[in-house]
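Since the structure comes first, as structure tokens, the remarks are kept for the end.
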Amino acid sequence: MKISLKASKISQLDVDSLNLFFWENELEKSLRDIPTGLISLIKEAEKREEFKGGRDEILILSSKGLISSYKLILTGLGKKNDFNRAVLAEQVAKSIRKSKENKAVRVGLVLSDDGFNKLGVKNAVQTIVEAVFLSTYRFLKYKSEEERNKIREIEEVIVAVSPGRLSLAEEGIDIGKSMSIAALYARDLVNEPSQVTTPTFLADEAIRLGKNSQGLLKVTVLDKEEIEKLGMNSFLGVAKGSDEPPKFIILKYKPARPKKKLVIIGKGITFDTGGLSLKPAEHMETMKLDMAGAASILGIFSAFPSFKPSVEVVGLIAACENMPSGKALKPGDILKALNGKTIEVLNTDAEGRLTLADALSYAVKQEKPDEIIDLATLTGACQVALGQDIAGLFGNNESLLHSLERASKETGEQVWRMPLSEQYKELNKSKIADIKNIQTGRYGGAITAALFLQEFVGTTAWAHLDIAGPAYIEKDTPLTPTGGAGFGVRLVLHYINTL
Ligand code: BES
Ligand code: ZN
Ligand code: ZN
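Shown next, in the form of structure tokens:
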């Protein structure tokens, strides 16, 4: 799909569907540079109470030959005071989807000058671009050609801007495109079945990113023997049950004079059967998603050659499959992590924290970063607590957490602060090892899992995103069709780009 800017008059935009956006109860103020014929059409719709500009309103009108465009799609932006980037993204997504349903091939988007001013031209355009790409994404690789050909794709989206704003808008286009490509790449990786996205496949993807980066990314992959030598026995414990060899993937990006050093870690369980603590069939159906954190790390690194951030970033993925077998880890087994702590494994389905224990220990010991961020589809409990759309945000450093919350607001990738309550540490105590991998009792599972991870970060500033909910969308939403969401890619990239 092509996305471009045009400073020409709206009436001259050569599109099938012209998509206009309005403030609630302020239709007239939302209009500018709109041919008078159209204004009366819109006013008529308002008078008939068909459209007032609310966030749940979309109205399709025939342009009646008043302009070259065949259809008009009016989309509400809601109250002007509540307007932000997330609202714009959501409404653009809905509007674009309507155009697609109406078989438009060329779409024009018109936001009032006010709208651009409120968010800043660059930000507004970036948000629009992201919304266009995220909302039209489909994973159709495994559908027949016949099926794929039935879908009429939008070929071009034209964003109308006033001439004085073209250069800022241009920047927004570039950033938005790079962000989208990275997020959609992560979606693809999550949507691929686990028979494709094996640990070896993820490692090869990382190597490929390195090769295509003109020397900007250095990628190292450690195999089983090297992982053993380092002493990552907690990670290896999880990998034991599978015939797929584990891989420890290290990606490095280092600018000339880095302002600080970050490690980002993604949970990389390429399939989570639960191991011998086998999951019931319904819970296993979507467990190819358990490498979504890893997918996001690859997505983030794929964008560094275009963003060239000013900080050093190391990406870590402990990739393996969680399988039951004659060689698998058993409940009651004790593993010694890289940092020397012993872990009693009482449930082999709480495997993410076992692999992350070693990735976090490795980060602290080998990389000595200023900050660590991990992204992990860690607990069903977090989904219960926050629902499908919102990630749990935990951590030990106020300023890092605050920055991530800000990035969340800007990108619309929702997070919510969760506590690392000291008094729950008790629940992770083992009778015979330093710690156990499941808690005593039933409640607060997202928190006890995060507290478990905390045992491996020492005093390093650290943020943990439990993305079990938003990593994989079960029910189609305007910005994300069912499947992998690429959650965290834009959030973390936004954070890194502001450093
Ligand atoms: N990968 C799952 C968590 C998950 C569940 C992610 C649903 C996405 C959707 C994780 O490894 C797991 O199985 N966690 C267990 C922990 C329990 C055994 C303490 C869970 O949440 O039930
Ligand atoms: Zn599990
Ligand atoms: Zn898991």
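Just so we're aligned, residue 1 is where the sequence shown starts under the numbering used here, counting upward by one. Quick reminder that beta carbons are idealized off the backbone N, C-alpha and C, glycines included.
7 Å Cβ shell around residue i - same chain, five flanking residues per side excluded
i    : result
K98  : I58, I60, I73
G395 : L401, W462, A463, H464
Y495 : S403, L404, A407
G441 : L427
G444 : Y424
E50  : L59
Y137 : L184, R187, P481
K94  : I58, T75, P478
P419 : I447
Rounded straight-line distance, which links the Cα of residue j to that of residue i
i    : j    : result
I447 : T482 : 27 Å
E228 : A485 : 33 Å
S178 : A303 : 6 Å
S63  : L38  : 7 Å
K279 : T273 : 6 Å
N500 : D174 : The question about residue 500 has no answer, for the chain in this structure spans 1 to 499.
D217 : G210 : Asp is not the amino acid found at residue 217; the sequence shown has Leu there. Whole-angstrom Cα-Cα distance: 5 Å.
I514 : F133 : The chain is shown only over 1 to 499; residue 514 falls outside these bounds and no answer can be derived.
V314 : F307 : 15 Å
D434 : E282 : 33 Å
G392 : W416 : 5 Å
A449 : F487 : 20 Å
L222 : P193 : 23 Å
K118 : V159 : 17 Å
G275 : K52  : 54 Å
A350 : I438 : 7 Å
V238 : A328 : 8 Å
L378 : L453 : 10 Å
S399 : D370 : 12 Å
S68  : E26  : 26 Å
V15  : I42  : 19 Å
Y362 : L375 : 16 Å
K429 : M284 : 28 Å
Q12  : L66  : 11 Å
M1   : E155 : 5 Å
E410 : E422 : 31 Å
N84  : F139 : 29 Å
Beta-carbon proximity of residue i to residue j, cut-off 9 Å
i    : j    : result
A413 : R490 : Sequence inspection shows Glu at residue 413; the Ala mentioned does not correspond to that position. Cβ atoms of E413 and R490: closer than 9 Å.
G172 : T220 : no
V110 : V157 : no
G380 : A468 : yes
A319 : P470 : no
P324 : T348 : yes
F21  : G164 : no
A295 : R187 : yes
E146 : K261 : no
I317 : G266 : yes
Y472 : V196 : no
F248 : N322 : no
G268 : L202 : yes
V105 : R55  : no
K475 : E344 : no
Other residues of its chain near residue i: CB distance less than 6 Å, five sequence neighbours each side excluded
i    : result
K79  : E24
I300 : V489, V492, L493
A357 : S234, A337, F456
E312 : K254, P258, K261
V92  : I128, A131
Q388 : G469
A385 : A446
A206 : V219, I249, L251
I519 : Outside the modelled stretch of the chain, which goes from 1 to 499, sits residue 519, for which no answer is possible.
G458 : V364
V18  : According to the sequence shown, residue 18 is Leu rather than Val. Excluding residues within five positions, the ones whose Cβ falls inside 6 Å are S69, L72, G108.
Cβ shell of residue i (< 8 Å), same chain only, five flanking positions each side left out
i    : result
V161 : L5, K6, A7, F116, V121, V125, A169
P309 : Y253, P255, I496, N497, L499
K224 : L236, A239, P245, P246
N397 : E371, A461, W462, A463
Tell me, please, whether the region 466–481 touches the region 232–246 by the rule of three or more beta-carbon pairs shorter than 8 Å. no
Pair every Cβ in the region 13–33 with every Cβ in the region 122–133, then say whether three or more of these pairs are closer than 8 Å. no
Taking 8 Å as the threshold, find out whether the region 334–341 comes into contact with the region 283–291 through three or more Cβ pairs. no
Residue ranges of each beta strand (DSSP E) run of no fewer than 3 residues wholly in the region 365–439, ordered along the chain? 371–376, 391–395, 415–417
Taking the runs of the beta strand (DSSP E) that are 3 residues or longer, which of them lie wholly in the region 205–277? Qualifying beta strand (DSSP E) stretches, in chain order: 217–222, 247–253, 261–272.
Minimum length 4: unbroken alpha helix (DSSP H) runs contained in the region 116–189: 121–136, 145–150
Whole alpha helix (DSSP H) runs in the region 440–486 with 4 or more residues, listed along the chain? 445–454
Just to confirm the assignment: which complete beta strand (DSSP E) runs, minimum length 3, are found wholly within the region 91–115? If we require 3 residues or more, the beta strand (DSSP E) runs fully inside the region 91–115 come out as 106–110.
Runs of alpha helix (DSSP H) wholly within the region 304–370 (minimum 4 residues, chain order): Listed in chain order, they are 352–362.
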